[in-house]
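Reading through the structure tokens given below for one structure.
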Amino acid sequence: LGFTVTRYGDRVEVDSALGPVAFTAVPRFPDPASVAAQGSLLAPMPGAVIRLGAGLGDQVSAGQPLVWLEAMKMEHTILAPADGVVADLNVIVGQQVEVGAVLARVESAQASGQPPEEGEQQ
């Protein structure tokens, strides 16, 4: 019983004596960023949380270090994506995380209803 497999991008077609069958290939591991809420800080690799730069409800600035991960004997700093408030903090120091885990979420000042900082325009 022979068959032929042909791939066209994400579409896979198998043709055999029993007839053709078509499949759509899906990623084995979906991109975590595609399912995470806006402002989420995702773990870029598995590792251990070794330090936190802010707590739940704290005001943060874009680029401010928020979470430090240790992976493969190296330290990796995860930065705030925007100015805002730490709305979710899902990790503690010493916790092991997997790649793509949501470590924290920063809600922008506009989304949280916070008044603008002094000198900031509305």
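Residue 36 in our numbering sits at position 52 of the sequence shown, with consecutive numbering throughout.
Ideal placement from N, C-alpha and C gives every residue a C-beta, glycine not left out.
{"Check": "I need the DSSP call for A32, collapsed to helix, strand or coil.", "Outcome": "strand"}
{"Check": "Note down the Cα distance separating P28 from V83, rounded to an integer number of angstroms.", "Outcome": "5 Å"}
{"Check": "Measure from the alpha carbon of V70 to the alpha carbon of each residue in F7, Q22, G3 and V44, then state which is nearest.", "Outcome": "V44"}
{"Check": "With I62 as the anchor, note down where its beta strand (DSSP E) starts and where it stops.", "Outcome": "M58 to L63"}
{"Check": "Based on the DSSP output, what are the partners of S24 in its beta bridges?", "Outcome": "R89"}
{"Check": "Taking only the alpha-carbon atoms, compute the straight-line gap between A93 and G41 and give it to the nearest angstrom.", "Outcome": "12 Å"}
{"Check": "So the beta strand (DSSP E) E(-3) belongs to, where does it begin and stop?", "Outcome": "R(-5) to S0"}
{"Check": "Is there contact here, the region 58 to 65 with the region 21 to 39, by at least three beta-carbon pairs under 8 Å?", "Outcome": "yes"}
{"Check": "What are the boundary residues of the beta strand (DSSP E) that includes G3?", "Outcome": "G3 to T8"}
{"Check": "Report the CB separation of T(-10) from E(-3) in whole angstroms; it is logged as a contact under 8 Å.", "Outcome": "5 Å"}
{"Check": "Is S96 buried or exposed, if buried means 16 or more other CB atoms sit within 10 Å of its CB?", "Outcome": "For S96, the pLDDT reaches just 49, beneath the cut-off of 50, and the residue's location in the model is therefore unreliable, although a value from the coordinates is still provided. Its Cβ having fewer than 16 others within 10 Å, S96 is exposed."}
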